[in-house]
Each structure stands twice: as C-alpha cells, then as structure tokens.
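Protein sequence lines correspond, in order, to chains A and B. Residue 208 is where the first sequence starts when you use my numbering, and the numbers rise one by one after that. Residue 45 is where the second sequence starts when you use my numbering, and the numbers rise one by one after that. The beta carbon of each residue, even a glycine, is placed where N, CA and C say it ideally should be.
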Amino acid sequence: MLKLSLKKLDELFAAMAQSQALYIPADNGGQAQYLRWAPGMKMTAALNTVRSAKDFFFPQTEGLVNFKMTGKTIEVIDPRTEAEDFVVFGVRACDARSFSILDKVFLVDPVDTYYQNRREHGTIVTMACRQPEETCFCTSFGIDPTHPEGDAVCWMTDDALYFEAVTPKGEALKEKIASLFEESDDAAVKAQQAETKAVLDRLPLHTFTAEPLGGDVLMKVFDSPSWKSLSEACLGCGTCTFVCPTCQCYDVRDFDTGNGIQRFRCWDSCMYSDFTLMAHGNSRNSQVERFRQRFMHKLVYFPANNDGEYGCVGCGRCLAKCPISMNIVKVAKCLEGELK
Amino acid sequence: MNTETLIPKVGVVTDIRIDTPDVKTFRVVGLDGKKVFEHIPGQCAMLSVPGVGEGMFSITSSPTNTEFMEFSIKKCGCLTSWLHAMEVGQQITIRGPYGNGFPVETALKGKDLLFIAGGIGLAPLRSVINYVRDKRENYGKIQIIYGSRSKDDLVDYQEILDEWMQDEGVEVNLTIDREQEGWDGHVGFVPNYVKELNPDLSKTVLMCGPPIMIKFTLAGLKELGFQETQVYTTMELRMKCAIGKCGRCNIGNKYVCKDGPVFRFDELDELPNEY
C-alpha cells in the first residue's frame, strides 16, 4: 500500500493531471460537484456530490449524429471524436458500483459505443467513506463503503492518503504518481475501516434489505394497491431520476442549428407524462403507473434481467432530494410488508 | 448487429402508393439502389426525417422481396404527417432491423396459419403473408381474415384482390364495419366475423390490429377453443433507441423493441397489463 502526506495532495493532483484530465469533487457554490481540477482547487469535505458520477460516461446531453439536408438529400455525419483520457478522483463506493450497473445496460449487445468510448478512457479512483450519513444504505446492496470498487482505491485519514491500484488502469496511474508516495503498511487503513463500520452499524437504514423483492414476485408486486397511496403525493418532478447514479433512460431529439440538424440524446425520466406518450395514447397514463415503473425497474425488472442485481446502490440522493420525502426504501418496505 | 446502431443510413423513397385516405406505402432503397438491410418478417426499422423525428415502423414487405423494403404508414402524428407529405426521391434515414420477428422458420413451419388483421394492423402481417406465399411448400393452409372501417380503408386492397385471392390454398375473408355502396362482401367487426367463420382449431394465429379488436378477438378465439400458446401478436410502444437502452418501451422486464415486438399471448400473460 502507498502512503502520501495530505500536505502533498496538491502535488498528487498536479501529477495526475499532467497527462490527462483530472476531476475531483469540489465545492461549487456550497454544493459538492465534480470539477475539472486546476492548480489551487481543493477537494470538498462533503461525503457525496449532489449529482452522481454517471455524467462522466453518460453525460446529461450528448450529440449522436449530425445531418446536413440539401433539397431532398441527407448527409449523415458522425460527430464523434475519440474521448480524452481522464481520471475521476474521489468516487464513493455507491457511485463506483453504479458504473457496473450502467455497464450492464450500455455494454451489452448491441454495445453503446458512445458510452464505451468514455468508459475506456476513464480511470476511476475511489475513496473509502469515513462518515457515512443517515441517508446511506449502500451496504443493503452488498457494497462495502470502507473498501470501494474502482481502478484504484484511496483511504484518507486525518493526515495521510493511502492508495492501492486494483486494475491495469489503476496500475498505469500508479506508475505516474508512485514517486510521490512512500510504502506503508495498512494498519491505519484497517483502524479507520473498523471505525467506519461501527458508524455504519448505527445508521438508521443499515438493516434495510430489498431481498424479498428480488425473486419471482413481479405480478404480485405490480398489482399491489399500495402504488396508489405511495404515489399520491408524487409531483412527477423527476428529481429522483436525475440525481440517481443508475437511472439511464434517455430521450433522442433533433435540434435545428440553422446550418444542419444535430441529433442528441439527453437524460429523460420515466416520471414524466410524455415519456411513453404516443400519437394513439399513453401506456402509462397516470402518475401511479409512472411512479410504479421507476421502482419496479430498480427492484424487480432489472434484477429479473441481471441475475438478481438491483438497480439501486443505496447512495441516498433520492432520499435527500425528493421534495415529498418519498423514496425507494419506503416503497420497498411497504411492498415487502404486503408480501409477508 | 451493427454496433453503430444509433447512426442511421440514408434511404431513398422510390415509390409512394396511396393505400387509403390515411395510409401510404413507401418503397425504400439505399443510396446504392439496393435493400438497406435484410430482415425477418415482423421485424421493424427506425425511420426518421432529421429535424422532425424518428419512429419505429414495421417492415411490411417480405424478406423474399430482394429489391426493396416497403413501409405502410398511417398518418397520425408529427413524423407520419411529414412522411405523408413527401415526394418520390426524398431521402430519409433508416436503421435496423430491430426486434425478434415472427418464428417463420421454427414454430410456424409446417403449420396451417390464420392471419387476423384490423386496419393498419395488416402492415406487419403482410410481411409474413407474402413470405409464406413465397415459400408455400413450408406451410399448410393459409386463411386471412381482414377488416377495416370501410372498403376505402382496406390497406393493400389491390394486392389482396390480384394476388392473395388468386393463390391456391389461400382463403381471404374481408369485412368492413358498416354497409357501403359498392361492397357486397361481409359487413361486421373482426371479432364477430372470426367467430362466424369458426376457423379450425389446428391453426396457428397471427393477429395485429387496434387494441380493442385484439381484446375481443382473443376472447372470441378462446371461446372457440384456441389456446393462448397458438396465438401470436405484435406490439407497439413508444421507442427512442430501439435497442433496449432508452428505457421506455418495456412491459414489465421485457422490452418491446428487442424482446418483442412479436409475443405469444401466453408470454404476454406473464407480464403486467401495461400496454
């Protein structure tokens, strides 16, 4: 394991940013957000960023293809360029897991090459959590916040940063920065992990599990009368889907630049009334059905298609941000109660 | 599968046939004058007019047509209105093929087939009908029950009269909703007509039409003694990507764009009734 004094953190960032773009969670007007590192930028002390890290691979808007229209003819122009190499530093365990969930959507046949391009060029350096919050429940999905997944993993104590490369990409990064570090044992990391685990056991949601919903309960849960009462206050604002690290639904739209057509995709939300609207009607006519879709997708449909893996990582963003305080934990608990 | 699937190819509209007051059939080839891709009957393609929109349409021509693809499209929204206003020679974009298609080389092979269609619902079935007509030796008897609002709303009417009805071993039963001058055929709704005709229970059914027709026809078929395992249909929901990623055309954990659009009714039975 490698160790670095926190006093040399700026040097570390400078070394990482030398040959590629570096993004770190920083304070942006009082909110934690991933920003492209520039000399002088400090890492935020916040646990998690307001928006998830999915933007790096699945940006909120992204050009797909351009068209040039002349008379009756169309020219198709592929606007893609090779993505630049980049490092995302300080990704939490929950967001790190979200990438493997997004991979199961975008990297299965037919591969989404836009996503793949970014994924191949990105190196993920994760950061173990020290102070999980009351909205955290990643452990419910088998995630260990004291030892996140990633190309490389970091632990931060009061005075030092510990670094461990995991994948070939992580090793490649390690080579570039190794001269700043010194070799160290893992005693301090182990002690910190034990401390964090003690905090995790005291979190209000630490006993939560979605296990009862993972099996063959699709129709039973789908027809539950609770969807109506659960969704009654839902505003359909879509905040949950936008802050969610695993929500991947998108819209495809055309924009007339005056000089051609840009076809782009942008995040969409199953909570919106026009999401499934067709010329002849809407398959999800009311908010009850749209609300149900979101939770069924995460807790039942996605696991059914992916060997039981849930489409939730317990990051807690939707718990913190929903204006009516509705959330996936409440929904899952209610449905599980009915299954008993 | 083309991995650059979100980037479409250019297609040229080489012929436009006016089928009904609100249905036109467009003939499409690639810039090289050949078919843009091969498909299985029942599969679909994403057609678009850049700047207007992109939508999923069933390929109505049979794969046995080696020269071009055809799309029968009803004018009902923004994109389809634009398509209806096109002239021959116009280029559009096309990508595909998408979806599973009908099991013409497996489950349907050797079977007596009963096609039941209503209105524009004939479009996806026409691909199968012409496929099995071209490979007659592989299939048993063919019966086609097709209904529309009026005589003028029967899609492919000329082809039905000139070709399908002339084929040996192909029985065509047409019906229209209300009496009309110049029509001496059957009058009445499709579900009732199916019951009247009382088709043989050994037939495998391929059905497409408006939801209300599907609902009552399926109930009628069951009354006659048909099992859900011998009835296929093809679905349509809003789509953007056509490859199971944009997340909106799902019925339960199945995506209509990639797991469908063709489903057998016993498969649909296991899914939520959200379509």
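Since residue i and residue j should fall inside the 8 Å C-beta cutoff, what is the C-beta to C-beta distance between them, to a whole number of angstroms?
| i | j | result |
| --- | --- | --- |
| Tyr319(B) | Ser490(A) | 5 Å |
| Gly55(B) | Ile117(B) | Contact flag wrong, Cβ pair sits at about 13 Å. |
| Met130(B) | Val57(B) | 6 Å |
| Val332(A) | Cys361(A) | 6 Å |
| Gly48(B) | Thr320(A) | It should be noted that the sequence gives Glu, not Gly, for residue 48(B). Going by Cβ atoms, the distance from Glu48(B) to Thr320(A) rounds to 6 Å, so yes, they are a contact pair. |
| Leu410(A) | Cys343(A) | 6 Å |
| Arg292(B) | Met485(A) | Not quite, the Cβ-Cβ distance comes to about 10 Å (not below 8 Å), so this is no contact. |
| Ser106(B) | Asp156(B) | Rounded, the Cβ-Cβ distance is 19 Å, inconsistent with contact. |
| Cys290(B) | Met100(B) | About 11 Å; that fails the 8 Å criterion. |
| Ala228(A) | Arg243(A) | 6 Å |
| Lys505(A) | Cys519(A) | 5 Å |
| Leu333(B) | Gly296(B) | Because chain B here runs from 45 to 319, residue 333(B) falls outside it and cannot be looked at. |
| Gly264(B) | Lys239(B) | 5 Å |
| His128(B) | Ile103(B) | About 18 Å separates the two Cβ atoms, so there is no contact after all. |
| Gly86(B) | Gly140(B) | Contact flag wrong, Cβ pair sits at about 12 Å. |
| Phe192(B) | Gly229(B) | Contrary to the premise, residue 192(B) reads as Ser rather than Phe in this sequence. Not confirmed; about 11 Å, so no contact. |
| Pro232(A) | Ala245(A) | Not quite, the Cβ-Cβ distance comes to about 14 Å (not below 8 Å), so this is no contact. |
| Leu420(A) | Leu542(A) | 6 Å |
| Gly253(B) | Ala151(B) | With a Cβ gap of about 21 Å, Gly253(B) and Ala151(B) do not count as contacting. |
For residue i, go through chain A and note every residue whose CB falls closer than 7 Å to its CB, in chain order.
| i | result |
| --- | --- |
| Glu48(B) | Thr320 |
| Gly143(B) | Here the premise fails: no neighbours, minimum Cβ distance about 13 Å. |
| Glu318(B) | Ser490, Arg491 and Glu496 |
So who's on the other strand from residue i, going by DSSP bridges?
| i | result |
| --- | --- |
| Asp458(A) | Cys473(A) |
| Ser102(B) | Cys88(B) |
| Pro294(B) | The amino acid occupying residue 294(B) in the given sequence is Asn; Pro does not appear at that position. DSSP lists Tyr299(B) as partners of Asn294(B). |
| Ser192(B) | Ile220(B) |
| Ser116(B) | Thr69(B) |
| Cys361(A) | Met334(A) and Phe370(A) |
| Pro411(A) | Paired residue(s): none; Pro411(A) is not in a bridge. |
| Phe313(A) | Bridge partners of Phe313(A): none, in fact. |
| Asp234(A) | Ala239(A) |
| Lys210(A) | Tyr369(A) and Glu389(A) |
| Asn489(A) | Leu484(A) |
| Ile138(B) | Lys53(B) and Leu91(B) |
Interface residues of chain B around residue i at Cβ under 8 Å?
| i | result |
| --- | --- |
| His487(A) | Cys120 |
| Cys455(A) | Note on identity: in this sequence residue 455(A) is Gln, with Cys being the wrong assignment. In chain order: Lys289 and Gly291. |
| Ile468(A) | Pro94 and Gly95 |
| Met276(A) | Pro94 and Gly95 |
| Asp458(A) | Lys284 and Cys290 |
| Leu546(A) | Under the 8 Å cutoff, chain B gives no residues; its nearest Cβ is about 17 Å from Leu546(A). |
| Thr482(A) | Reading the sequence as shown, one finds Phe at residue 482(A) and not Thr. Correct list: Arg282 and Arg292. |
| Val283(A) | Ile51, Pro52, Lys53, Val54 and Thr137 |
Closer than 7 Å by beta-carbon distance: list the chain B residues that pair up with residue i, in chain order.
| i | result |
| --- | --- |
| Thr280(A) | Gln135 |
| Phe388(A) | The contacting residues do not exist; Phe388(A) stays about 40 Å from chain B at best. |
Using the beta-carbon of each residue, which ones in chain A are nearer than 9 Å to residue i?
| i | result |
| --- | --- |
| Asn297(B) | Leu425, Met503, His504, Val507, Tyr508, Phe509, Pro510, Ala511 and Asn512 |
Can you pull the chain B neighbours of residue i, defined as C-beta to C-beta under 9 Å?
| i | result |
| --- | --- |
| Cys477(A) | Gly291 and Arg292 |
| Leu309(A) | In chain order: nothing, as chain B lies at least about 10 Å away. |
| Phe313(A) | Lys289 |
Whose Cβ in chain A lies nearer than 8 Å to the Cβ of residue i?
| i | result |
| --- | --- |
| Gly97(B) | Asp461 |
Legend entry - Near-chain A residues of the segment 274 to 291 of chain B (beta-carbon distance less than 9 Å), N- to C-terminal order: Glu280, Leu281, Arg282, Lys284, Cys285, Ile287, Gly288, Lys289, Cys290 and Gly291
Inset, instruction - With 9 Å as the limit, tell me which residues of the segment 516 to 541 of chain A have their beta carbon closer than that to any beta carbon of chain B; keep them in chain order. - result: none
Inset, instruction - Check distances from the C-beta atoms of the segment 412 to 443 of chain A to those of chain B and list, in chain order, the residues that come in under 9 Å. - result: Leu425, Met426, Phe429 and Asp430
Legend entry - Residues from the segment 257 to 274 of chain A in contact with chain B, defined by Cβ distance under 9 Å: Leu271, Val272, Asn273 and Phe274
Inset, instruction - Tell me, please, whether the segment 539 to 546 of chain A touches the segment 263 to 281 of chain A by the rule of three or more beta-carbon pairs shorter than 8 Å. - result: no
Legend entry - the segment 209 to 217 of chain B in contact with the segment 111 to 125 of chain B per 3-pair CB rule at 8 Å: no
Legend entry - Contact set between the segment 46 to 77 of chain B and chain A, restricted to residues whose Cβ is under 8 Å from the partner: Asn46, Thr47, Glu48, Thr49, Leu50, Ile51, Pro52, Lys53 and Val54
Inset, instruction - Assess, as a yes-or-no matter, whether the segment 376 to 390 of chain A is touched by the segment 437 to 446 of chain A under the definition of 3 or more beta carbon pairs within less than 8 Å. - result: no
Inset, instruction - Could you list the residues in the segment 343 to 359 of chain A with a C-beta less than 8 Å from some C-beta on chain B, going in chain order? - result: none
Legend entry - At least three beta-carbon pairs within less than 8 Å, the segment 323 to 330 of chain A to the segment 464 to 474 of chain A: no
Inset, instruction - Say whether the segment 263 to 281 of chain B touches the segment 181 to 195 of chain B, bearing in mind that this needs 3 or more beta-carbon pairs closer than 8 Å, one atom from each stretch. - result: no
Legend entry - Under 8 Å (Cβ pairs) to chain B, residues found in the segment 285 to 303 of chain A: Asp285
Inset, instruction - Assess, as a yes-or-no matter, whether the segment 341 to 356 of chain A is touched by the segment 282 to 302 of chain A under the definition of 3 or more beta carbon pairs within less than 8 Å. - result: yes
Inset, instruction - For the segment 511 to 525 of chain A and the segment 249 to 264 of chain A, state whether three or more C-beta atom pairs, one from each stretch, are separated by less than 8 Å. - result: yes
Legend entry - Selection of the segment 367 to 386 of chain A by Cβ proximity to chain B, strictly under 7 Å: none
Inset, instruction - Give a yes or no on contact between the segment 309 to 317 of chain B and the segment 266 to 275 of chain B, applying the rule of three or more CB pairs nearer than 8 Å. - result: yes
Inset, instruction - Could you say if the segment 530 to 538 of chain A and the segment 496 to 512 of chain A meet the contact criterion of at least three C-beta pairs nearer than 8 Å? - result: yes
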